[in-house]
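Peer 1: Listed in order, the protein sequences are those of chains A and B.
The opening position of the first sequence corresponds to residue 27 in this note's numbering, with each subsequent residue numbered one higher.
The opening position of the second sequence corresponds to residue 27 in this note's numbering, with each subsequent residue numbered one higher.
Note that the Cβ used here is the ideal one computed from N, Cα and C, for glycine as well.
So that we are looking at the same thing, I have put the structure below in structure tokens.
2 protein chains.
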Amino acid sequence: MREALVAAAFRLFLERGYEQTTVDDIVALAGVGRRSFFRYFPSKEDVVFPDHERCLADMTAFLAASGEEHEPLARVCDAARLVMRLYTENPAFSVQRYRLTKQVPGLRAYELSVVWRYERAFAEYLRGRFAGRPDGTLRADVIAAAVVAAHNNALRSWLRSDGEGDASDAVDRALGYVQSAFGEPAPASPAETPEDVVVVVSRRGAPLWRVVQEIESTLARD
Amino acid sequence: MREALVAAAFRLFLERGYEQTTVDDIVALAGVGRRSFFRYFPSKEDVVFPDHERCLADMTAFLAASGEEHEPLARVCDAARLVMRLYTENPAFSVQRYRLTKQVPGLRAYELSVVWRYERAFAEYLRGRFAGRPDGTLRADVIAAAVVAAHNNALRSWLRSDGEGDASDAVDRALGYVQSAFGEPAPASPAETPEDVVVVVSRRGAPLWRVVQEIESTLARD
DNA sequence: CGATGGAGGGTACTGAGTGCCATCCGGGCG
DNA sequence: CGCCCGGATGGCACTCAGTACCCTCCATCG
Numbered sequence: 027m028r029e030a031l032v033a034a035a036f037r038l039f040l041e042r043g044y045e046q047t048t049v050d051d052i053v054a055l056a057g058v059g060r061r062s063f064f065r066y067f068p069s070k071e072d073v074v075f076p077d078h079e080r081c082l083a084d085m086t087a088f089l090a091a092s093g094e095e096h097e098p099l100a101r102v103c104d105a106a107r108l109v110m111r112l113y114t115e116n117p118a119f120s121v122q123r124y125r126l127t128k129q130v131p132g133l134r135a136y137e138l139s140v141v142w143r144y145e146r147a148f149a150e151y152l153r154g155r156f157a158g159r160p161d162g163t164l165r166a167d168v169i170a171a172a173v174v175a176a177h178n179n180a181l182r183s184w185l186r187s188d189g190e191g192d193a194s195d196a197v198d199r200a201l202g203y204v205q206s207a208f209g210e211p212a213p214a215s216p217a218e219t220p221e222d223v224v225v226v227v228s229r230r231g232a233p234l235w236r237v238v239q240e241i242e243s244t245l246a247r248d
Numbered sequence: 027m028r029e030a031l032v033a034a035a036f037r038l039f040l041e042r043g044y045e046q047t048t049v050d051d052i053v054a055l056a057g058v059g060r061r062s063f064f065r066y067f068p069s070k071e072d073v074v075f076p077d078h079e080r081c082l083a084d085m086t087a088f089l090a091a092s093g094e095e096h097e098p099l100a101r102v103c104d105a106a107r108l109v110m111r112l113y114t115e116n117p118a119f120s121v122q123r124y125r126l127t128k129q130v131p132g133l134r135a136y137e138l139s140v141v142w143r144y145e146r147a148f149a150e151y152l153r154g155r156f157a158g159r160p161d162g163t164l165r166a167d168v169i170a171a172a173v174v175a176a177h178n179n180a181l182r183s184w185l186r187s188d189g190e191g192d193a194s195d196a197v198d199r200a201l202g203y204v205q206s207a208f209g210e211p212a213p214a215s216p217a218e219t220p221e222d223v224v225v226v227v228s229r230r231g232a233p234l235w236r237v238v239q240e241i242e243s244t245l246a247r248d
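Here it is in structure tokens:
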């Protein structure tokens, strides 16, 4: 029934647009009563994001189930990868929805409120883990926002490519940037020993950003 | 007229709540026609944020007017301080609105879409300034999100204190954290030439975070 | 003086979302 | 077998936000 409603809704949305489709149109095509639509989806927007409620619950559980042994930042990045997987599991559906949300302001606003709930879940988890640290809530909020932004950046570039590229590469790269900015890079994969990289730095007093800048231009040089 | 509508709306919102107040109630109290309300405010939510459209325009102009001589991150932080001032100019009004948005989901969603537009303005500016750098758009998006999150963290803590504390101290502190995380602590003295740093990297294929980790431990070694 | 154009008002309509009640159906129980 | 009961569904009527269309008023200008 949910599936029937979602299928009917997307057929019409793609045919004639979101705003040109009324709930009556959807239920007529699905052959169910209007009242039933609102039993399954509290609003017309919800039919566009049919599985986010479950995903959000999964994510909260994932974070709640993590213990002291997990690096907080890495854990949140893993949670973001979980969300990414929700999209990559159904590339065609995700791309369709992306095109829809991109051009319908109302859907964009709705998506924002969904994303905001993910961000809050991240931030709440980090606040718990950072309790006691100076500026713990500030760090938690900023890092949560950065992780979400990195995730969205990777997700959107994957969606723009019609789901062709490698999404997990992109998200790893994006989250790696956040981890490099906020420290504690990650528990390295055991095979990757420090010998993989040899770095020689002169002028120890130089600020870190100068070092990073120099490395970037070195890497970009070839 | 706008002022009359805003005043009437807030009186009713505080008296009996946002959702219990219809647009008809507002226009009846203000003594104007229903049609006029929608001439001044495209939706019922807009009456709660009467000055954000102007503020957003100011901000975009502020960023557009900045030249190459401005450090991008610092410039965006200054833009965020501009937004903060919009709130601190009318503490009583801001606190009332905060209480309202905190408990009305619809208003929270609307606020998100407003904040999102600020974030996009920041990100667009930074994308322009980072054009050419590796991962320029990623950095732009992440930094924009971090600045907004820091600003909101400071803003909310100020709002929760009923506008009593020192807002600009709080926002400086929050933005300082972001600046420390994303580098370029200050416009470096021109004396710092690239020769200040020499970096040799082997195993080019290693992920960036490994490189950074290695550098950090090298720097920490002494 | 009349024309014009912009600001406000009024009316009727669409469509989302809700409350309430009727209906249907499958299973347990006397 | 008939009854009952609870959950799922359908139907109807209502509220309210938002829009389209047209009217009035009034100030300004020719």
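1. Taking 8 angstroms as the threshold, find out whether the region 104–122 of chain A comes into contact with the region 180–187 of chain A through three or more Cβ pairs.
2. Just verifying my parser: in three-state terms, what is the DSSP assignment at A/Met110?
3. Going by C-alpha to C-alpha distance, which of A/Glu29, A/Gln122, A/Phe75 sits closest to A/Asp188?
4. So is B/Arg101 buried or exposed if we call it buried at 16+ other beta carbons inside 10 Å?
5. Are there 16 or more other CB atoms within 10 angstroms of the CB of B/Ala195, so buried, or fewer, so exposed?
6. Would B/Val141 and B/Phe75 be called neighbours here (beta carbons separated by less than 8 angstroms)?
7. Below 7 angstroms on C-beta distance, what does B/Phe208 contact in chain A?
8. List the residues of chain B whose Cβ lies closer than 7 angstroms to the Cβ of A/Asp161, in chain order.
9. At least one CB of chain B closer than 8 angstroms to the CB of A/Val168: is that the case?
10. With a threshold of 8 angstroms between beta carbons, is A/Arg165 in contact with chain B?
11. Under DSSP, the alpha helix (DSSP H) around A/Ala200 begins and ends at which residues?
12. Beta-carbon of B/Ser139 versus every beta-carbon of chain A: anything under 8 angstroms?
13. Please compile the residues from chain A whose C-beta is within a distance smaller than 8 angstroms of the C-beta of B/Ala118.
14. Taking the C-alpha atoms as reference points, what is the distance between B/Leu164 and A/Gln205?
15. Roughly how many whole angstroms lie between the Cα atoms of A/Asp198 and A/Ala106?
16. Is there a Cβ of chain B sitting closer than 8 angstroms to that of A/Trp142, yes or no?
17. Could you pull the start and end residues of the alpha helix (DSSP H) that B/Val141 belongs to?
18. What's the gap between the Cα of A/Pro211 and the Cα of A/Ala170?
19. Can you find a CB in chain A that lies within less than 8 angstroms of the CB of B/Ala172?
20. In chain order, what residues of the same chain lie with their CB nearer than 8 angstroms to the CB of B/Asp77, ignoring the 5 residues before and after it?
21. For A/Met85, count the other beta carbons within 10 Å of its own beta carbon; 16 or more makes it buried, fewer makes it exposed. Which is it?
22. DSSP on A/Gln46, reduced to helix/strand/coil?
23. Does the distance from the CB of B/Ala259 to the CB of A/Val130 come in under 8 angstroms?
24. In chain B, which residues lie less than 9 angstroms from A/Ala106 when you measure between Cβ atoms?
Peer 2: The structure says:
1. yes
2. helix
3. A/Gln122
4. buried
5. Checking the sequence shown, residue 195 of chain B turns out to be Asp, not Ala. Exposed.
6. no
7. Ala207
8. Tyr203
9. yes
10. yes
11. 193–208
12. yes
13. What B/Ala118 touches in chain A: nothing, since even the nearest Cβ is about 25 angstroms away.
14. 13 angstroms
15. 10 angstroms
16. yes
17. 131–155
18. Because A/Pro211 sits at a pLDDT of 47, beneath the cut-off of 50, its placement in the model cannot be relied upon, and the following sentence gives the value as read from the coordinates. Whole-angstrom Cα-Cα distance: 16 angstroms.
19. yes
20. Leu112
21. buried
22. coil
23. The displayed coordinates of chain B run from 27 to 248. Any statement about residue 259 of chain B would go beyond what the structure contains.
24. Those within 9 angstroms of A/Ala106 in chain B number zero; the least Cβ separation is about 12 angstroms.
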